[in-house]
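Comments concern the structure below.
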Amino acid sequence: MKIRKNIAVSENGFIFNPLTGDSFSVNETGVFILRKLKDGESEETIFQDLMDEYELDTYTAEKDLNDFLTMLKSYQLTTDEQA
């Protein structure tokens, strides 16, 4: 999964979709995940990085990542294309 190329993501968590005009705000963890997706990292790598960076247990990291990715998909901010 990747963030669509036209999606703008600021350092402070502002997301803008120029195709729809929609904008969203995410927290620090959301920005962390978005950066990793934009860099083409796999979901498994992001999962491991979340546990390391935020000292999360497996259950919390997996749930938080899955919830966030589901939210991104629901707002059509991602694509399943591989890098």
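Numbering of the sequence shown is given in the working numbering, commencing with residue 16 and proceeding in unit increments. For each residue, glycine too, the CB sits at the ideal point set by N, CA and C. Bear in mind the structure is a predicted one, so any value in this text is a computation, not a measurement.
Those residues which DSSP pairs with residue i across a bridge
i: N21; result: Per DSSP, none; premise fails for N21.
Residue i, buried or exposed, once every other Cβ within 10 Å from all chains shown has been counted against 16
i: K51; result: buried
i: L92; result: buried
Cut-off 8 Å between Cβ atoms - residues of its own chain near residue i, not counting five sequence neighbours on either side
i: V46; result: V24, E26, N27, G28
Contacting residues, own chain, Cβ-Cβ under 7 Å from residue i (five flanking each side not counted)
i: N32; result: I22, L92
Chain-order list of residues whose beta-carbon lies under 6 Å from that of residue i (same chain, five-residue window excluded)
i: E59; result: none
- Contained alpha helix (DSSP H) runs [length at least 4] in the region 59 to 97, N- to C-terminal order: 73 to 89
- Task: Just list the alpha helix (DSSP H) runs in the region 25 to 57, keeping only unbroken ones of 4 residues or longer that don't cross its boundaries, in chain order.
- Result: 43 to 53
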